[in-house]
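Visitor: Sharing a structure below in structure tokens format, with a few things to ask.
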Amino acid sequence: MAQILKVPQEKFRDKIAKTLEERMGSFQFFLNSQPKKEEIIIEFLKNFQEKLNIKLIKGKLTKIENEKIAEIEEMYKTEEWKQYVKGSKIAQIRHKIKGNTFYTFKEKKFLGGLVQLFIHSEGNKIQDIIVSGDFSLNNPFLLRNLEQDLIGQNLNEEKIEVFITQFFDDNGVDIPGISPKELSSLIVSK
């Protein structure tokens, strides 16, 4: 993809890595211990009031607010929403460069978020891959390691699934709502 656009690959890699490092993480990753829910709520309310220069008063939801909540709950129960969340469609753009060399962009919406892939493949092997999206990862810095470790792997769904599962297990990786099988299936889809 980077060569098609005549943009150095590092531009993509640095931009995506920088974005992930700046925007993704977890309490557990950045703090020594997991704070209690009550502590988070107290701190959130304090900062919310400070930033908006207001005083929050504990109260009850209005009739209009309750109606809106009920409306949103019903929307989330519809088949249309369930199909959207399942992400049954894969968007894909694939460009043949020469022979068996391809640059492919794929994206799919999973329960855990949108996953986007930029893949440079030659023959049946991954030459380069960038994984990005709006999913949560318990340790965002491991994404770059996964990308590096996928280079040279055969585009075989079973082998990629075993590889990703092992990587997740070895590194304690957790992507809520996206399984190694779903990720490997997206990587090898044509």
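If you want the working numbering, it's the 1-based position in the sequence shown plus 5.
For glycine and all other residues, C-beta sits at the position ideal for the given N, C-alpha and C.
Between N52 and E43, what straight-line distance do the alpha-carbon atoms span, to the nearest angstrom?
Guide: Within the sequence shown, residue 52 is the residue found at index 47, counting from 1. Within the sequence shown, residue 43 is the residue found at index 38, counting from 1. For N52 and E43, the distance between alpha carbons rounds to 14 Å.
Visitor: Using only alpha-carbon positions, find the residue among F140, S141 and I192 that is nearest to N161.
Guide: Here residue 161 refers to the residue found at position 156 when the sequence shown is read from its first residue. The shortest Cα separation from N161 among F140, S141 and I192 belongs to I192.
Visitor: Is it the case that the Cβ atoms of F140 and G117 are separated by a distance below 8 Å?
Guide: Within the sequence shown, the letter at position 135 stands for residue 140. Within the sequence shown, the letter at position 112 stands for residue 117. Yes.
Visitor: Taking L188 as part of the alpha helix (DSSP H), name the residues at either end of that continuous run.
Guide: Here the question's residue 188 lines up with position 183 in the sequence shown. Its alpha helix (DSSP H) spans residues P185 to V193.
Visitor: Between the alpha carbons of E15 and Q132, how many angstroms are there, rounded?
Guide: Here residue 15 is taken as the residue at index 10 of the sequence shown, counted from 1. Here residue 132 is taken as the residue at index 127 of the sequence shown, counted from 1. With a pLDDT of 46 at E15, under the threshold of 50, the modelled position of this residue cannot be trusted; read the value that follows with caution. Each residue's Cα considered, the two are about 14 Å apart.
Visitor: Please list the terminal residues of the continuous beta strand (DSSP E) segment that includes V120.
Guide: Working through the sequence shown from its first residue, we reach residue 120 at position 115. Where V120 is concerned, the enclosing beta strand (DSSP E) stretches over G118 to E127.
Visitor: According to the neighbour-count rule (16 or more other Cβ atoms, all chains shown, within 10 Å of its Cβ), is I138 buried or exposed?
Guide: Translated into the one-based positions of the sequence shown, residue 138 becomes position 133. It is Gly, not Ile, that sits at residue 138 in the sequence shown. With 16 or more Cβ atoms within 10 Å of its Cβ, G138 is classed as buried.
Visitor: So, using beta-carbon positions, are N143 and S31 closer together than 8 Å?
Guide: By 1-based counting over the sequence shown, the position of residue 143 is 138. By 1-based counting over the sequence shown, the position of residue 31 is 26. In contact: N143 and S31 (Cβ atoms closer than 8 Å).
Visitor: Any idea what DSSP makes of Q54, helix, strand or coil?
Guide: On the sequence shown, residue 54 is found 49 positions in, with the first residue counted as 1. Three-state DSSP puts Q54 in a helix.
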